[in-house]
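Letter 566 of the sequence shown, counting from 1, is numbered 571 in the numbering used here, and no numbers are missing. Input: a single structure, listed below in structure tokens.
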Amino acid sequence: MDRRPSLRTTTRRLMPACSLPAQPVQPAQPVLRRKRQTVSLACERCRKRKAKCNGLMPSCYACTAANLECKYLAPEAGRLLRYRDMQSAYDDMRHASVAAVGSADTVQPFVRANEPMGRWLEALRRSRERRLVPVVSPAASPKVLPVSLWTSVSDDNMMLTGLLTLFWTWAPTASRLVHREMFLAGLCAAAGSTAVTAHFGCSKLLVNAILALSSACFTGPSTSEGPRRLCHRFAHEARRLVENKASSREDLVPLFQGVAILSVYEGIFGYTEGTTASLLSTYYELRAAHQRAQPFIVAPTAEKVQAMCYMATGFDFFDFQLGLIFSSPALACSAPSMSDPEDGTRLLGAEAALCDSLWSPYPLSDQPRLSFSKEHMRAEWELVRHAKEIVPVIESNRTSSVPDFAGTKALYARLLAWHESRMLDFQGQCSLIPAWVCLSLTYHVVALRLLEPFNGISFLDFDGFKPARSLSQSHSESIVSALWRYRTAYDLWHDFWPLHACYAAVSNLLLGHGLAGGSSHKEALTQGCQLLCDLGTRLPLASRMCQELQLAHKELDLPDVVLRFLRRGAAMTKVSQIANVAMLSDAGGGGVRLEPCVIRFGETIHRIG
Numbered sequence: 006m007d008r009r010p011s012l013r014t015t016t017r018r019l020m021p022a023c024s025l026p027a028q029p030v031q032p033a034q035p036v037l038r039r040k041r042q043t044v045s046l047a048c049e050r051c052r053k054r055k056a057k058c059n060g061l062m063p064s065c066y067a068c069t070a071a072n073l074e075c076k077y078l079a080p081e082a083g084r085l086l087r088y089r090d091m092q093s094a095y096d097d098m099r100h101a102s103v104a105a106v107g108s109a110d111t112v113q114p115f116v117r118a119n120e121p122m123g124r125w126l127e128a129l130r131r132s133r134e135r136r137l138v139p140v141v142s143p144a145a146s147p148k149v150l151p152v153s154l155w156t157s158v159s160d161d162n163m164m165l166t167g168l169l170t171l172f173w174t175w176a177p178t179a180s181r182l183v184h185r186e187m188f189l190a191g192l193c194a195a196a197g198s199t200a201v202t203a204h205f206g207c208s209k210l211l212v213n214a215i216l217a218l219s220s221a222c223f224t225g226p227s228t229s230e231g232p233r234r235l236c237h238r239f240a241h242e243a244r245r246l247v248e249n250k251a252s253s254r255e256d257l258v259p260l261f262q263g264v265a266i267l268s269v270y271e272g273i274f275g276y277t278e279g280t281t282a283s284l285l286s287t288y289y290e291l292r293a294a295h296q297r298a299q300p301f302i303v304a305p306t307a308e309k310v311q312a313m314c315y316m317a318t319g320f321d322f323f324d325f326q327l328g329l330i331f332s333s334p335a336l337a338c339s340a341p342s343m344s345d346p347e348d349g350t351r352l353l354g355a356e357a358a359l360c361d362s363l364w365s366p367y368p369l370s371d372q373p374r375l376s377f378s379k380e381h382m383r384a385e386w387e388l389v390r391h392a393k394e395i396v397p398v399i400e401s402n403r404t405s406s407v408p409d410f411a412g413t414k415a416l417y418a419r420l421l422a423w424h425e426s427r428m429l430d431f432q433g434q435c436s437l438i439p440a441w442v443c444l445s446l447t448y449h450v451v452a453l454r455l456l457e458p459f460n461g462i463s464f465l466d467f468d469g470f471k472p473a474r475s476l477s478q479s480h481s482e483s484i485v486s487a488l489w490r491y492r493t494a495y496d497l498w499h500d501f502w503p504l505h506a507c508y509a510a511v512s513n514l515l516l517g518h519g520l521a522g523g524s525s526h527k528e529a530l531t532q533g534c535q536l537l538c539d540l541g542t543r544l545p546l547a548s549r550m551c552q553e554l555q556l557a558h559k560e561l562d563l564p565d566v567v568l569r570f571l572r573r574g575a576a577m578t579k580v581s582q583i584a585n586v587a588m589l590s591d592a593g594g595g596g597v598r599l600e601p602c603v604i605r606f607g608e609t610i611h612r613i614g
């Protein structure tokens with residue numbers, strides 16, 4: 006019997022399964038590292054001003070526009086420099102506070118020696134100037150003036166005074182051509198006298214031209230139909246006075262003031278371009294005659310010198326706008342400039358006497374608003390200086406087969422720098438003041454004219470590495486947006502310059518309709534066409550603009566709402582004619598007779614019979 010142990014197959018005893026679910030294996034967490042923040046490259050000057058810098062080397066566009074040295078510092082050097090500036094500012098303020106106990110005048114040397122402290126004190130001074138505004142309680146109706154002595158159309162001085170107030174309130178471009186204090190002094194000088202003679206600041210031609218433009222453009226829906234019906238009679242009286250200018254011995258200044266304002270009226274309501282061109286030719290002839298007569302005039306008084314300095318920038322700004330409106334800006338170059346470099350110093354020094362701190366939207370409300378007219382006058386004067394360099398470039402680019410890209414880009418950068426330094430601080434608070442709206446529209450239209458030759462070139466970049474087409478669309482949308490807010494607030498924007506700015510914006514949006522897209526482009530295009538269509542019921546020029554846009558872009562696939570507004574606005578230019586009509590007239594002796602005639606309707610027919 007074999008006693009060796011037998012090999013048995015033994016099985017391991019199974020343990021019961023665990024009732025808890027198995028935990029998944031967690032992956033190993035990566036080591037968290039602090040993400041490095043991307044810091045945009047900016048020069049030291051833009052960092053101190055906290056302004057946007059495009060980071061171009063060796064000089065950014067802001068330093069190029071300001072003609073200053075552009076420096077790029079390393080981050081460590083920048084921190085060390087800021088620490089030194091803070092330490093220096095602290096030491097200087099501590100010494101200045103101790104030294105100024107006896108006299109406050111000793112602070113000035115320390116302020117001049119320390120740039121950060123000087124900037125801080127300058128900002129504090131500007132903020133105090135904006136807050137210290139005299140309290141004014143404007144009357145519901147202006148003081149009645151003897152306006153009827155200067156016109157044969159109406160003797161209602163209350164209505165005529167209201168028309169003058171509308172002109173000063175809603176016509177920022179045209180009212181800058183007239184010195185208001187001198188005008189009112191000459192207007193009231195005729196009170197109580199039998200013979201009305203021309204004054205340095207007032208004439209019959211000027212008064213009738215102002216009344217014609219004001220009664221036609223700035224009387225709202227709530228105004229009675231009386232002043233609006235008198236606009237043609239005021240204009241007819243002004244035209245008669247223009248024709249008699251050869252035999253007149255009046256001062257040349259109120260003469261070409263009246264001709265300039267009358268040319269604005271004829272440009273909006275005239276049915277022929279020849280009348281406007283003739284008036285503008287007369288305007289420039291009178292301007293040239295006035296410039297030639299300057300050396301032979303006896304030394305004027307300080308009041309007249311101040312008035313001429315005030316009006317000089319207004320006339321140059323008006324000429325600049327005319328050059329942007331017409332097909333060629335060479336018209337603006339042909340006009341002799343009325344301002345010289347010294348006028349800017351005189352004008353800015355006399356701001357306190359020339360500017361109003363408050364502006365009231367007469368007759369809609371008697372609540373005044375801060376006008377910031379001093380800042381507006383400075384910005385306007387600087388834009389006029391830039392215009393003398395911009396206009397020749399626009400003209401040469403339009404006539405040249407190869408536009409000057411480098412020169413245009415430099416001027417566009419300077420224009421953006423002007424807008425950033427003079428307009429952005431007041432963009433929100435002054436967006437509904439006519440003077441600021443007009444200045445903003447001028448900036449955008451100038452930008453459109455500069456970029457126009459490069460709209461079809463996509464590989465040339467301007468500001469922010471953007472092509473001209475994209476920037477032009479942004480400027481056009483800004484124009485329409487500003488006008489839409491202005492119309493919504495007042496329903497009174499029937500001035501000639503907003504009308505031409507709207508036309509320029511809509512034309513640019515239509516040209517880029519096939520390339521651009523998006524809801525903002527379509528919305529701006531629709532709103533711009535609606536603005537022109539709504540104005541067509543009041544201003545014949547707006548109807549002609551709608552007709553020109555419809556004919557020029559009839560091949561484009563435009564939205565239905567845009568076509569509807571253009572067709573509705575263009576339909577107002579069509580003249581309805583009814584022939585073979587006989588009108589009853591008194592033949593005398595109780596009888597009547599039939600006279601054949603032709604009836605023409607050039608406006609909306611509200612009722613017949």
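Where is the CB? At the ideal position from N, CA and C, for every residue including glycine. Source: prediction; values computed, not measured.
Inter-residue Cα distance where the pair is Thr-306 and Gln-262
20 Å
Could you compute how far the alpha carbon of Ser-180 sits from the alpha carbon of Gly-319?
9 Å
Give me, in chain order, the residues of the same chain whose beta-carbon lies closer than 6 Å to that of Leu-375; leave out the 5 immediate sequence neighbours on both sides.
none
May I ask you to list the residues that DSSP assigns as paired with Val-586?
Cys-602
In whole angstroms, give me the CA-to-CA distance for Pro-259 and Glu-49.
51 Å
Could you check which residue in His-558, Val-566 and Gly-517 has the C-alpha nearest to that of Leu-536?
Val-566
Could you check where the alpha helix (DSSP H) with Lys-414 kicks off and where it finishes?
410-427
Decide yes or no for the touch test of the segment 156-173 against the segment 432-443: beta carbon pairs closer than 8 Å, at least 3 of them.
no
For Trp-364, list the residues DSSP reports as bridge partners.
Arg-374
Mark Gly-206 as exposed unless 16 or more other C-beta atoms lie within 10 angstroms of its C-beta, in which case mark it buried.
buried
For the segment 440-451 against the segment 471-487, do three or more pairs of beta-carbon atoms, one drawn from each stretch, fall closer than 8 Å, so that the two count as touching?
yes
Excluding the 5 residues flanking Ala-294 on each side, which residues of the same chain have their C-beta closer than 7 Å to its C-beta?
Leu-257
What are the partner residues of Pro-472, as DSSP defines its beta bridges?
Asp-466
Cα separation between Phe-223 and Asp-496?
10 Å
If contacts are defined as beta-carbon pairs under 8 Å, then Trp-441 and His-381 qualify, I think. What distance do you get, rounded to the angstrom?
6 Å
Do the CB positions of Met-577 and Tyr-508 come within less than 8 Å of each other?
no
Please name the residue, chosen from Ser-219, Met-316, Gln-326 and Arg-245, that lies closest to Phe-2 on a Cα-to-Cα basis.
Because the chain in this structure spans residues 6 to 614, residue 2 falls outside the shown range and cannot be described.
The alpha helix (DSSP H) with Arg-181 in it runs from where to where?
Per DSSP, Arg-181 belongs to no alpha helix (DSSP H) and is neither H nor E.
Report the three-state DSSP secondary structure of Ser-157 (helix, strand or coil).
coil
Spatial neighbours of Glu-308 within its chain, please: CB distance less than 8 Å, with the 5 preceding and 5 following residues excluded, ordered by chain position.
Met-187
Quick one: is Ala-494 buried, meaning 16 or more other Cβ sit within 10 Å of its Cβ, or exposed?
exposed
Mind listing, in chain order, the continuous alpha helix (DSSP H) runs of no fewer than 4 residues lying wholly within the segment 271-327?
278-298
Pick from Leu-544, Leu-465, His-391 and Gly-461: whose alpha carbon is nearest that of His-499?
Leu-544
Exposure label - Met-316; buried when at least 16 CB within 10 Å
buried
What residue range does the alpha helix (DSSP H) around Asn-513 cover?
501-516
Using a 10 Å radius around the Cβ and a threshold of 16 neighbouring Cβ atoms, would you call Glu-134 buried or exposed?
The pLDDT assigned to Glu-134 is 47, lower than 50, so where the model puts this residue is not dependable; a value taken from the coordinates is nonetheless given after this. Its Cβ having fewer than 16 others within 10 Å, Glu-134 is exposed.
Considering only the alpha carbon of each residue, which of Ala-190, Val-269, Leu-561 and His-184 lies closest to Ala-217?
Val-269
Counting C-beta neighbours from all protein chains within 10 Å, is the total for Glu-372 16 or more, i.e. buried, or is it exposed?
Contrary to the premise, residue 372 reads as Gln rather than Glu in this sequence. When all chains shown are included, Gln-372 counts as exposed.
Give the secondary structure of Lys-393 by DSSP, where H, G and I count as helix, E and B as strand, and everything else as coil.
helix
Indicate the three-state DSSP secondary structure (helix, strand or coil) for His-237 in the structure shown.
helix
Got a sec, what are the start and stop residues for the alpha helix (DSSP H) Asn-162 sits in?
162-175
Let me know the secondary structure DSSP gives Gln-535 once reduced to three states.
helix
Closest by C-alpha distance to Leu-429, when choosing among Ala-56, Ala-47 and Leu-327:
Ala-56
Helix, strand or coil, according to DSSP, for Met-62 in the structure here?
coil
When you compare each of His-184, Leu-446 and Thr-287 to Val-310 by their alpha carbons, which one comes out closest?
His-184
Val-396 versus Gln-478 - alpha carbon distance:
21 Å
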